[in-house]
Amino acid sequence: LERTFIAIKPDGVQRGLIAEIVSRFERKGFKLVAIKIVVPSKEFAQKHYHDLKERPFFNGLCDFLSSGPVVAMVWEGEGVIKYGRKLIGATDPQKSEPGTIRGDLAVVVDRNIIHGSDAPKTAKDEIALWFSHGELVSYTSNAEKWMYGVN
Ligand code: GTP
Ligand code: MG
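Taken in order, the sequence shown gives residues 192 to 342; the numbers are from our numbering.
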């Protein structure tokens, strides 16, 4: 099954939205295979967002990601990379649909509470950046045969 990297940013943690966000992925049927809470260094944040280093907001973005606790997670499931982005909603919460995490819970683009990998390659790289191999757990959930219909 496919895996993606999801992070609850410092604003999401401070606003008490950890359970709300975890719950949306869990209820959909995705499986949590890694989770930890960490305060990333600025250097680490720069690595995470290296694709955006030419953007004018890069410095502020990295300062923000490293400003407090982040909940780092790996979620597994069929289509989880693309569908995870759908659950999250558009980058700018002013444009995210109601019903999405950012649409329901955030207001401005630089405080949009959650990160999700945008493609298979970035998912792989981000999981490797945030987690060591031993922190990822492989297991079959009891619900899987009911969700995927393989009995
Ligand atoms: P992530 O899941 O956090 O990677 O967001 P994204 O993939 O929806 O957007 P992108 O990777 O393009 O940008 C990364 C983060 O930079 C966003 O989540 C925003 O917090 C921030 N960001 C993106 N565009 C802008 C912008 O125009 N201004 C500011 N201030 N921040 C931005
Ligand atoms: Mg992105």
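A virtual CB, placed ideally from N, CA and C, is assigned to each residue, including glycine.
Being a predicted model, the structure only gives us computed values, none of them experimental.
{"query": "C-beta contact flag for K233 and E267 at 7 Å", "result": "no"}
{"query": "Beta-carbon gap between I318 and V262 smaller than 7 Å", "result": "no"}
{"query": "Residues near V300 in its chain [Cβ-Cβ closer than 8 Å; skip 5 each side]", "result": "T282, D283, P284 and Q285"}
{"query": "Residues of its chain near L243, where Cβ-Cβ distance is below 8 Å and the 5 sequence neighbours each way are ignored", "result": "F249 and L252"}
{"query": "Per-residue DSSP class, three states only, for I304", "result": "coil"}
{"query": "Pair within 7 Å by beta-carbon distance, F216 and S308", "result": "no"}
{"query": "Cβ shell of K346 (< 7 Å), same chain only, five flanking positions each side left out", "result": "Outside the modelled stretch of the chain, which goes from 192 to 342, sits residue 346, for which no answer is possible."}
{"query": "Extent of the continuous alpha helix (DSSP H) run through S313", "result": "Sequence inspection shows Thr at residue 313; the Ser mentioned does not correspond to that position. It spans P311 to W321 - the alpha helix (DSSP H) in which T313 sits, taken as one unbroken run."}
{"query": "S287 to R218 span [Cα, whole Å]", "result": "20 Å"}
{"query": "DSSP-derived helix/strand/coil call for A236", "result": "helix"}
{"query": "Three-way DSSP call (helix, strand, coil) for R276 in this model", "result": "helix"}
{"query": "Beta-bridge partners of A263, as assigned by DSSP", "result": "A198 and K227"}
{"query": "K222 - partner residues in DSSP beta bridges", "result": "E267"}
{"query": "F248 Cβ short of 6 Å to the ligand GTP heavy atom set", "result": "yes"}
{"query": "Proximity of V328 and V204 at Cβ, strictly below 7 Å", "result": "no"}
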